[in-house]
Amino acid sequence: TNHKIVVAIDGHSSCGKSTIAKAVAARFGYIFIDSGAMYRAVTLFALRKQLISEGLVKVQELIDLLPTIQIDFRYNAEKQKSDTFLNGENVEDEIRQLPVSQNVSPVAAIAEVRAAMVRLQQEMGKDKGIVMDGRDIGTVVFPDAELKLFVTASAEIRAQRRFDELTAKGETVSYEEILQNVQERDHIDSTREASPLRKADDALVLDNSYLTREEQLDWVIEKVKERLGW
Ligand code: CDP
Ligand code: CDP
């Protein structure tokens, strides 16, 4: 049969959500959407407009400018993945850097920002055949997703993975600073009022602290096949 499903992947920061989402999408020919990239792009926009200082966001000014923010994903054949575009500019690398990571959680806590992103995300998923990762995909964006995963791993393991990733790219970063950032974001993301990170009642928990990428992918592929009735 040709029927397609929606796969919603939520969890803490840096636990491997996008690694799984990307691989599952490739395996089934689905579209992969990194919803965190959208909140990161809004944050970069706010930083450039000097709407954030010392962790404080000028909320109303950002809300007023939301209609001027255009975000889209464009496939990069060379990298075999999509890049994030902000008002026509490729910001894929810049949104991964620490200034954005350090300011994204307060921006993502703004209800109006979330409403605008959720609308865009639902539009992207209207034909199904999509794998989206984030914090509220199974709870808010696609509450009817056929497969929901809640991914987790210890904060130390997650910080180490992020550290290894940035170090491999040649960046000089401190493990302590990354661990602190991971813990801070966990806290803000889980305790905010607007769509806090929480496991959907019908989500499957995947703790990958001691799983390799291959092991976790095999596990998830089986779940997708089950949902497809293969
Ligand atoms: O990849 P990493 O775990 O570092 O984070 P991300 O998925 O890129 O998301 C960056 C931030 O965006 C998170 O810390 C959340 O504050 C926010 N976010 C959100 O609120 N809702 C989503 N659906 C996705 C991300
Ligand atoms: O999307 P999210 O922020 O949840 O995490 P990610 O960017 O997919 O993964 C964070 C880092 O952990 C990447 O460098 C992955 O290669 C690595 N990873 C791992 O080492 N083992 C896993 N089982 C999953 C991810």
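Numbered per the UniProt record's numbering, the sequence shown finishes at 231, counting up by one with no gaps.
Quick reminder that beta carbons are idealized off the backbone N, C-alpha and C, glycines included.
Nearest neighbour of residue i, chosen from the options [CA to CA]
i: lysine 226; options: Pro144, Val25 and Ser14; result: Val25
i: isoleucine 111; options: Tyr40, Lys127, Leu212 and Pro100; result: Tyr40
i: phenylalanine 143; options: Asn209, Arg214, Leu57 and Gln123; result: Gln123
i: aspartate 187; options: Gln217, His13 and Asp208; result: His13
i: alanine 9; options: Ala38, Arg136, Phe74 and Leu87; result: Arg136
i: glutamate 166; options: Val58, Ala204, Leu48 and Cys16; result: Cys16
i: glycine 171; options: Gln98, Thr44, Ile21 and Val183; result: Gln98
i: glutamine 217; options: Ile21, Glu177 and Gln181; result: Ile21
i: alanine 109; options: Ile6, Lys224, Asp190 and Trp231; result: Asp190
i: isoleucine 6; options: Tyr176, Asn91, Leu48 and Gly126; result: Gly126
i: threonine 153; options: Thr168, Val183 and Ala169; result: Val183
Span separating the alpha-carbon of residue i from that of residue j
i: histidine 4; j: tyrosine 31; result: 12 angstroms
i: glutamate 194; j: arginine 115; result: 12 angstroms
i: tryptophan 220; j: valine 206; result: 11 angstroms
i: serine 210; j: isoleucine 138; result: 22 angstroms
i: phenylalanine 46; j: isoleucine 53; result: 10 angstroms
i: serine 102; j: aspartate 128; result: 31 angstroms
i: glycine 56; j: isoleucine 70; result: 21 angstroms
i: proline 197; j: asparagine 77; result: 32 angstroms
i: leucine 150; j: glutamate 93; result: 25 angstroms
i: serine 155; j: alanine 146; result: 26 angstroms
i: aspartate 202; j: lysine 82; result: 31 angstroms
i: valine 174; j: glycine 89; result: 30 angstroms
i: glutamate 157; j: proline 68; result: 38 angstroms
i: glutamate 177; j: tryptophan 231; result: 45 angstroms
i: leucine 212; j: glutamine 61; result: 43 angstroms
i: alanine 117; j: glutamate 185; result: 24 angstroms
i: threonine 44; j: lysine 224; result: 34 angstroms
i: glutamate 113; j: threonine 192; result: 17 angstroms
i: glutamine 181; j: asparagine 91; result: 28 angstroms
Proximity of residue i and residue j at Cβ, strictly below 8 angstroms
i: valine 141; j: valine 119; result: yes
i: residue 1; j: lysine 50; result: Nothing can be reported for residue 1: it is not among the residues displayed for the chain, which extend from 2 to 231.
i: phenylalanine 33; j: lysine 18; result: no
i: isoleucine 72; j: leucine 121; result: yes
i: alanine 42; j: leucine 87; result: yes
i: isoleucine 131; j: alanine 38; result: no
i: arginine 163; j: isoleucine 179; result: yes
i: arginine 28; j: isoleucine 222; result: yes
i: arginine 214; j: leucine 148; result: no
i: alanine 204; j: aspartate 11; result: yes
i: aspartate 208; j: aspartate 134; result: no
i: valine 58; j: proline 100; result: no
Alpha helix (DSSP H) runs wholly inside the region 15-68, at least 4 long, in chain order
18-29, 36-49 and 60-66
- At what residue ranges does the region 97-165 contain a whole run of the beta strand (DSSP E), taking only runs of 3 or more? 131-135 and 148-153
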